[in-house]
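Asks: Could you have a look at this structure, given as structure tokens, before my questions?
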Amino acid sequence: MIKETLETLVDRYCAAWNTADGAERRSILSSVLIDGGLYVDPSVRAVGIEAFALHIDGVVARNPGARISRTGPIDAHHEVLRFPWSNRLADGKVLRAGIDFCTLAADGKFQSVVGFFDPVA
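In the working numbering, the protein residues as written are 42 to 162.
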């Protein structure tokens with residue numbers, strides 16, 4: 042997959058975390074995650090778009106105004122990639138940072154997203 046395509050995919054994925062609109066979140070997730078795709082991090086295991094969307098709904102409700110963004114380059118080979126990210130409040134305070142490891146399906150969407158958290162900032 043070409044670099045620009047991966048950047049677009051990851052940026053859309055981050056946008057799903059950043060919208061306050063649940064319907065928009067589900068639409069974005071449908072464009073970046075296969076049906077039955079897996080999201081797992083130390084706090085949750087979600088299978089499928091709706092389960093993942095419900096998890097994000099809760100994170101957004103607990104941290105209004107926070108934004109997740111990619112904080113470094115995407116490293117990719119074969120059908121796997123990784124990228125660092127942070128979740129920041131409007132004042133810049135880091136709520137959480139980490140790295141996501143992802144596998145890609147044949148259609149170019151995420152098949153799985155596995156998140157690891159850095160030590161709490």
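In this text, a Cβ means the ideal position worked out from N, Cα and C, and glycines have one as well. Note that the structure is a prediction, hence the values are computed from the model and not measured.
Start and end of the beta strand (DSSP E) containing residue 127?
Replies: Element bounds for residue 127: 121-129.
Asks: Kindly identify the DSSP beta-bridge partner or partners of residue 158.
Replies: Looking at the DSSP assignment, residue 158 forms a beta bridge with 139.
Asks: Out of 82, 115, 119, 49, which has the shortest C-alpha to C-alpha gap to residue 10?
Replies: In this structure the chain extends from 42 to 162, so residue 10 is not present and cannot be described.
Asks: Between the Cα of residue 160 and the Cα atoms of 143, 127, 142, which residue gives the shortest distance?
Replies: Nearest C-alpha to residue 160: 127.
Asks: Where do the ends of the beta strand (DSSP E) carrying residue 87 lie?
Replies: That run of the beta strand (DSSP E) goes 85-88.
Asks: If I measure Cβ to Cβ from residue 76 and keep anything under 8 Å in the same chain, skipping five residues before and after, which residues do I get?
Replies: 89, 90.
Asks: Compute the Euclidean distance between the alpha carbons of residue 109 and residue 131, then round it to the nearest angstrom.
Replies: Cα-Cα distance, rounded: 11 Å.
Asks: Could you check what DSSP says for residue 146 in three-state terms: helix, strand or coil?
Replies: Residue 146 falls in the coil class under three-state DSSP.
Asks: Nearest CA to the CA of residue 158: which residue from 46, 66, 82, 134?
Replies: With distances taken between Cα atoms, residue 158 lies closest to 82.
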